[in-house]
Amino acid sequence: MSRSETGARAKAAPKKKKRLRKEDIIVEATRLFAERGYEGASMGDLADRVGLRKASLFHHFASKDVLYATVLAELVEAVKKAVFEAASAEGSFAERLDGLSDALTVTLASTPHIARLLVREALDWGPVMRAHLGATLEEVLGAALAFAKAGQKDGALNPDVDAKQLIISLVGVHFMPFAIGEIVERFTGASPFSQPFMEARKKAVREQVRLMALNRKKGR
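In the numbering used here, the protein residues as written are 8 to 227.
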């Protein structure tokens, strides 16, 4: 077969349709739920966004409830992983505190809509959160609290700080800039999900968290 014939056949060959992965559906569903909430989002809307028929979407997820629970579980697991890995890392308490701040900032900045959706669900405290994820979130907060109390026992964390109030403040410092992304972008002129913003945010959060938490008397 000549080279020209081979080229002609290659041009004539039909293009294979890209197979939509389950992970791609979850990414788009996360965006949709974050924008509209559970009640405002429909499987039909999601099917249109991902280019599938609604029936095909139900082949991947049996119901909207199942899809929503899957989305939330993945988001909570991402936060849990960041907290547990940083808290159990080697190094001084201050170094691990920096690592925890960095890990959360990177997780929230590199996964658009994660903060917005989790904050929305926490505000609503819907049935999915109550039935499936409340215990996991309590586990994450419990691990963060244990980390803080260990720092106080070691003398690295300010003993006069209320550890639970500190954790609540840290949740706000890390989550809110990404949960209110549109406001942040209007104010700073940069997308909170861009690399420059993420690097600037990591530096700012490190400084703020150290000021809130560390025991200056010990000089750490």
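Heads up, the beta-carbon is just placed ideally off N, CA and C, and yes, glycines get one too.
In the three-state DSSP reduction, Leu59 falls in the coil class, being neither helix nor strand. One alpha carbon belongs to Glu97, the other to Gln215, and they sit about 22 Å apart. The alpha carbon of Leu39 has as its nearest neighbour, out of Asp52, Lys29 and Val191, the alpha carbon of Asp52. With contacts defined as CB atoms closer than 8 Å, Ala151 and Ile174 qualify as a contacting pair. Asp55 and Val78 have their C-alpha atoms spaced approximately 18 Å apart. In this chain, the alpha helix (DSSP H) harbouring Ile190 covers Gly188 to Thr195. Bounds of the alpha helix (DSSP H) holding Val34 are Lys29 to Gly47. In the DSSP assignment, Leu164 is bridged to Leu221. Here the alpha carbons of Ser117 and Thr195 stand approximately 18 Å from one another. Between the C-alpha atoms of Gly149 and Gln159 there is a straight-line separation of about 15 Å.
Judged by beta-carbon spacing, Ser108 lies within the 8 Å limit of Arg213, meaning their Cβ atoms are closer than that value. Apart from sequence neighbours up to five positions away, the residues of its chain that approach Asp105 with a beta-carbon distance below 6 Å are Arg213, ordered along the chain.
The alpha-carbon separation between Leu125 and Val86 amounts to approximately 10 Å. Taking each of Arg43, Leu82 and Ile190 in turn and checking the Cα distance to Glu30, the smallest one comes out for Leu82. Within its own chain, the residues whose Cβ lies closer than 7 Å to the Cβ of Val168, once the five positions on either side in sequence are excluded, are Ala220, listed in chain order. The straight-line gap separating the alpha-carbon atoms of Ser99 and Glu42 is approximately 40 Å. DSSP places Phe68 outside both helix and strand once states are collapsed to three, so it counts as coil.
Pairing Glu206 with Gly162, the inter-Cα distance amounts to about 29 Å.
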